[in-house]
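In this text, residue positions in the sequence shown follow numbering that gives the first Met the number 0: the first is 0, and each later residue adds one. We treat Cβ as the ideally placed atom computed from N, Cα and C, and that holds for glycine. I have placed the structure first, in the form of structure tokens, so that the comments after it can refer back to it.
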Amino acid sequence: MSHKNYAASILLSSGLILTSPICTANDSDLTRAGDIVAVAIPAIAYGSTYYMDDKAGRKQFYGSFATNFAATQVLKATIDKERPNGSDNNSFPSGHVSVAFQGASFIHKRYGLQYSIPAYVGAGFVAYTRLEADEHDTTDVLAGAALGIASSMFLTKSYNDNLHIATNLAPDYYGLTVNYQF
């Protein structure tokens, strides 16, 4: 097994181990599975940068993940929305969903849609578990998904980026330049 595979395996294992304290004896198996998948998706996305020996992608992952995490925490503190189950006032947006979709959309934007489909399915599962556990309502989950997707789509470049889009802004002209290299 190469060092790339070891790094990805260690990262995934660490993510799974770190989620175990999150799960309490009162959690259902479905909720526990959602907690694990929510951490595993970004861990796999990050691990993929080692597998691909993609240092630029790793930096982009850091920026995307940090932006997503910070924005989620600021919104939670600012909006102060009560959870449907009444446990606290940190409902909006869903942090679990936000990190799951950030990881899935990072894989999508950086390496292609075909590699991200399982991650998107997993992120959808995380959203379902958060609704089923009565931790969030639909608005919280949709906002978390949108925030996670936006952070990766805006802060990540394609691994084989042949399409370049740039804005042209001048006092008397607004334009968009699209260049595709064949």
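query: Could you check whether Gly102 and Ala118 sit closer than 8 Å to each other, using their CB atoms as the reference points?; result: yes
query: Sort Ala99, Phe91 and Ile116 by Cα distance to Asp133 and report the nearest one.; result: Phe91
query: Check whether the Cβ atoms of His107 and Arg129 lie closer than 8 Å to each other.; result: no
query: Which residues in the same chain as Phe105 place their Cβ atom closer than 7 Å to its Cβ, once the five residues preceding and following it in sequence are excluded?; result: Ala44, Phe60, Ser63, Ser151 and Thr155
query: Once you ignore the five residues that flank Arg57 on each side, which residues in its own chain have a CB closer than 7 Å to its CB?; result: Thr48
query: Go to Phe91, then tell me how far its alpha helix (DSSP H) extends in each direction, as first and last residue.; result: Element bounds for Phe91: n/a, residue is neither H nor E.
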